[in-house]
Every structure is written in C-alpha cells, then in structure tokens.
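Working notes, beginning with the structure itself.
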Amino acid sequence: MSLSSAGSKALDMSSDQLVWMARAGYASRGVVYLIIGFFALLAAIGSGEAQGSKGALEKLMSQPAGAILIVAMIIGLIGYVVWRLIQAIGDADQHGTDAKGLAIRGGLLVSALTYTALAIFAATQLGIVTGSSDSGSGGGGGGFAQTVGGFIGSQWVATGLSIIFVCVGIAHWYKALTGKFKEHFAASEDKMKIITPISTIGLCARGTVFFILAFMLFYRGLTAGEEGGSTPGMKDALKFIQELPMGDILLGAMAVGIGLFALYSFCEAIWRKVDVEEGA
C-alpha cells in the first residue's frame, strides 16, 4: 500500500472524496487570489486599497450571503490542506526522497500549515473559533514567525524566512519557465495552449511576490533589532510595488499576474492530475 493510499484510509475517505477535496481546494485558492488581484487593480487605478489573503476573506464575508460563501471557502481550504498533506507526506506527485524531492515536499507541508491558518482565520469570521480577526497583511506567516522569534530571536527568524521565500520564488519561476507545471495537467493539447500562458505568467507573478517578501523580511531583520516587527505579507508586498517609481503601472501589471494565478488555480481545479492512489 502506498503512503498516499494509507493516508486516505487513515482519513477514512475514498479516493473520489479526496480528489473532490483537492479540486475544491484549488478552486478556493483561486477565489482568494482573484479577490486579491481585483483589489490590487482597484488600488492601481486609485479606487481602493490592496488586500492580502485575510483581507480577501473579509471582503468575501462582507458580501450578500457572505457567511455561506465563507463556509464554502472553509470547506475548500480544508480540502486543500488535506491534499497538500497527502502531497507532502504521501508523495502523491512522486517527488522522491532525494534532497530536491524532500525540499519540495517540505514546501508542500509549509503550504498546508499556511492554508490551515487561513482556514482558521475564515472560521473566526463566522465565530466558529475564537481568535484575532485582525486582517493584517495576510499570507506572511506572521503569528508563527513572531512566536518562534520569541524563542530564537526575530532577526534569525526573519533571515530564515527570507531564505525560504527566495527558494519558493525561484521554484515558481523555474516551474513557469521550464514548463514543469504541464506534467501535472491532464488536459487536451488545445486546452494546454490556453492553460500554458496563463500558468506561466501567473506563476511568475506569484514568485515575484515571494521575492519581494524575502527582501522585506531580510531588511526588517537587519533594521528592526531583536524586538522585530510585524511580519510582511501579500498586502505589504503589493504596497511596496505601488511605492516604486511608476508604481501604479507596476501594481496594475502585478494585479493582472495575480489574476492569472487565480485562473491557473481554477485550471488546476478542473484538469490537474490528482493521483491519491499513487505514491513513493
């Protein structure tokens, strides 16, 4: 029995249920990034403020039938977390156990933890769980970073996270420019002609956000001292872009890129290979 098969039995779920959860998860991620991209575009034209992932959920909650939408998002995010755990622990994508494979699987595990935190935040919007509903910047792992920073020092945490974010950014650009993402799609050649440019630009845009976060974390680690400061997230990265020369144009371009990453997520929800029965 493969590790991923064992994981599905441990969760008492059929393969079909896990596939459904994974696809719902990709769709939920797409919704989050679509909202982020939309508000980034509004900010670029001077009609709003950029938002992070938590801010996106708050905006969703403020809509008519917002509670129903948030419940759907929580279900989708939980599905995404389960799939990420199967990818990381069960090696559903067969990355292997060499250094590169373990690094990729480690990144998938971190992704699972990140979206677990986002699902918990969504639950606080409904009062299902108690906790801070401060939107913050979203997507920066702030609470975790500050907790660990209390033990080993904020500068070390900032430096470590900046290195991780650089690696994640490189991975996004590598996957985009080499077309490695195509290996995980089960779509026709005609569909891939549309999926490929969407995925390439979307992955590069998200990778660029991670590069900016890495720079901001490293800079804050150098200048904030041992006391540290708030950990930057998506919202901070978008504001950083807007403050650059020709910032509104750059932010508008990034908004389009983030929107394309949302479309990439929707494409994964429909056509991605979800091989829960295969493993290392």
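In the working numbering, the protein residues as written are 2 to 281.
Heads up, the beta-carbon is just placed ideally off N, CA and C, and yes, glycines get one too.
Item: Please report how far the alpha carbon of Lys101 lies from the alpha carbon of Ala66, in whole angstroms.; Value: 44 angstroms
Item: Residue range of the alpha helix (DSSP H) that Val277 falls in?; Value: No alpha helix (DSSP H) holds Val277; DSSP gives it neither H nor E.
Item: Could you tell me whether the Cβ atoms of Leu214 and Asp237 are closer together than 9 angstroms?; Value: yes
Item: Using only CA atoms, which one of Tyr265, Phe211 and Asp94 lies nearest to Ile242?; Value: Phe211
Item: Could you compute how far the alpha carbon of Ser29 sits from the alpha carbon of Ser200?; Value: 17 angstroms
Item: What number of angstroms, rounded off, separates the C-alpha of Phe262 from the C-alpha of Ala206?; Value: 7 angstroms
Item: Do Thr232 and Leu119 count as a contact pair if the criterion is CB distance below 9 angstroms?; Value: no
Item: Go to Glu190, then tell me how far its alpha helix (DSSP H) extends in each direction, as first and last residue.; Value: Glu190 to Thr224
Item: Over what stretch of residues does the alpha helix (DSSP H) that includes Gly49 continue unbroken?; Value: Looking at the DSSP string, Gly49 is not in any alpha helix (DSSP H), and its letter there is neither H nor E.
Item: So, for Val111: in the same chain, excluding its five sequence neighbours on each side, which residues have a beta-carbon less than 8 angstroms away from its beta-carbon?; Value: Ile165
Item: Restricting to Cα atoms, I'd like to know which of Arg85, Leu127, Gln95 and Ala123 is closest to Ala113.; Value: Arg85
Item: Relative to the C-alpha of Ala57, which residue among Glu244, Ile46 and Val32 is closest?; Value: Val32
Item: Could you pull out every residue in the same chain whose Cβ sits closer than 7 angstroms to the Cβ of Leu42, ignoring the five residues on either side in sequence?; Value: Gly253 and Ala256
Item: Going straight from the alpha carbon of Glu50 to that of Ile36, what length do you get?; Value: 12 angstroms
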